[in-house]
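J.: The sequence shown begins at 219 in the working numbering and counts up one residue at a time. The beta-carbon is built from N, C-alpha and C at its ideal position, and this holds for glycine as well.
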Amino acid sequence: MTSSGLRRDELAAFLRTRRARLRPAEVGLPDGVRRRTPGLRRQEVAQLAGMSIDYYIRLEQGRGPHPSRQVLAAMARALLLSRDEREYLFRIAGEHPPPTGGPSREVSPGLRHLLDAMTEAPAYLVDAAYHVLAWNHLATYFVGDLAAVPDADRNMIRWTFRQPATSGHWTDAEVLRFVRSTVADLRAAYGRYPTDPAIRELVTELLGTSPRFARLWAEHDVEERRPIVKRVPHPELGSLEFECRVLHVPETDQRMIVYVPEPGSPTQAVFRRLAERVAP
219 MTSSGLRRDE LAAFLRTRRA RLRPAEVGLP DGVRRRTPGL RRQEVAQLAG MSIDYYIRLE
279 QGRGPHPSRQ VLAAMARALL LSRDEREYLF RIAGEHPPPT GGPSREVSPG LRHLLDAMTE
339 APAYLVDAAY HVLAWNHLAT YFVGDLAAVP DADRNMIRWT FRQPATSGHW TDAEVLRFVR
399 STVADLRAAY GRYPTDPAIR ELVTELLGTS PRFARLWAEH DVEERRPIVK RVPHPELGSL
459 EFECRVLHVP ETDQRMIVYV PEPGSPTQAV FRRLAERVAP
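(1) By DSSP, does Tyr348 sit in helix, in strand, or in coil?
(2) Compare the beta carbon distance of Leu343 and Ala335 with 9 Å and say whether it is the shorter of the two.
(3) For Gly320, which residues of its own chain have a beta-carbon under 6 Å away from its beta-carbon, when the five flanking residues on both sides are left out?
(4) From the DSSP secondary-structure annotation, give me the bridge partner or partners of Tyr342.
(5) According to DSSP, simplified to helix, strand and coil, what is Leu458?
(6) Consult DSSP for Arg241 and reduce its assignment to one of helix, strand or coil.
(7) Just to confirm my understanding: we take Val289, look at its own chain, exclude 5 residues before and 5 after, and list those with CB closer than 7 Å. What are they?
(8) Curious, which full-length alpha helix (DSSP H) runs of at least 4 residues does the stretch 264 to 338 contain?
(9) CB of Pro484 to nearest heavy atom of the ligand MN: below 8 Å?
(10) So what does DSSP say about Val367, is it helix, strand or coil?
(11) Assuming the contact rule is C-beta atoms closer than 8 Å, Glu392 and Lys448 should be a hit. Round their C-beta distance to whole Å, please.
(12) With a threshold of 8 Å on Cβ separation, who are the neighbours of Thr427 within its own chain once the five nearest residues in sequence on each side are excluded?
(13) Could you have a look at Leu465 and say whether DSSP puts it in helix, strand or coil?
(14) What is the DSSP secondary structure of Arg225, reduced to helix, strand or coil?
(15) Quick one: grab the DSSP three-state call for Arg449.
(16) So, are the CB atoms of Tyr348 and Ile375 less than 9 Å apart?
(17) May I ask you to verify whether the stretch 270 to 288 touches the stretch 226 to 234, counting CB pairs closer than 8 Å and requiring at least 3?
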């Protein structure tokens with residue numbers, strides 16, 4: 219350990235092991251030719267982090283200079299570190315970890331690639347406040363073309379509670395369970411990010427505009443989302459049924475929402491026909 223608190227050998231070993239566990243596809247890179255060793259190449263990590271290859275190599279060899287906080291943050295993003303791993307990285311580099319002021323709204327290349335690769339299942343990515351960050355083509359049949367929607371209006375929870383009280387949306391038991399768990403998940407995010415202005419503004423707005431939201435919020439339920447079966451009378455595609463899967467992304471506290479039809483079902487056939495419309 220140096221006088222500055224930098225533990226060079228631990229930092230070098232940690233960077234090497236984190237690099238070795240990643241596949242190129244996870245960070246949006248092509249697999250390319252056969253690799254002699256697993257994981258990313260050093261030059262690929264340096265490129266993703268926006269630093270010189272020589273500088274990164276010296277860090278992995280335990281002989282580099284004391285990395286700045288900006289360099290540490292860049293490496294954490296490039297290596298897709300979880301929150302715990304990022305904190306560990308900063309500490310072995312002799313730095314205090316940055317505070318978690320709000321949910322991550324950055325879409326990593328790996329998640330963007332994963333969304334695009336899911337050609338037969340509608341999927342979209344949301345942050346901890348259920349603000350839609352990215353989506354694939356099939357998702358546009360359910361959430362619309364969000365590229366034409368102002369960023370402030372791309373929020374699932376806001377859409378839900380704008381439904382009129384007379385809507386059949388509020389008489390479906392599965393939908394009500396979905397809504398209740400979503401509000402509970404938002405409550406958990408509200409506790410994790412007490413200073414995040416976007417979450418506070420969303421909660422304040424809905425408390426003032428939706429009595430239904432206010433009642434659910436007052437129950438103080440806190441939980442993470444669980445899968446449910448959704449039945450959707452789609453105006454163009456007909457009656458659809460699928461499992462709504464919510465996959466948590468730990469390193470960013472984001473969620474990927476995927477509509478998963480039962481294999482061999484009519485809904486799967488519909489999704490496949492939609493995928494064929496845009497197939498090259």
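T.: From the atom records:
(1) It is coil, neither helix nor strand.
(2) No Cβ-Cβ contact shorter than 9 Å links Leu343 with Ala335.
(3) Tyr411 and Asp414
(4) Trp353 and Ile475
(5) Strand.
(6) coil
(7) Met269
(8) 271 to 278, 287 to 296, 301 to 310 and 327 to 335
(9) The ligand MN is absent from the structure shown, which contains no ligand whatsoever.
(10) coil
(11) 6 Å
(12) Phe379
(13) strand
(14) coil
(15) It is a strand residue.
(16) yes
(17) yes
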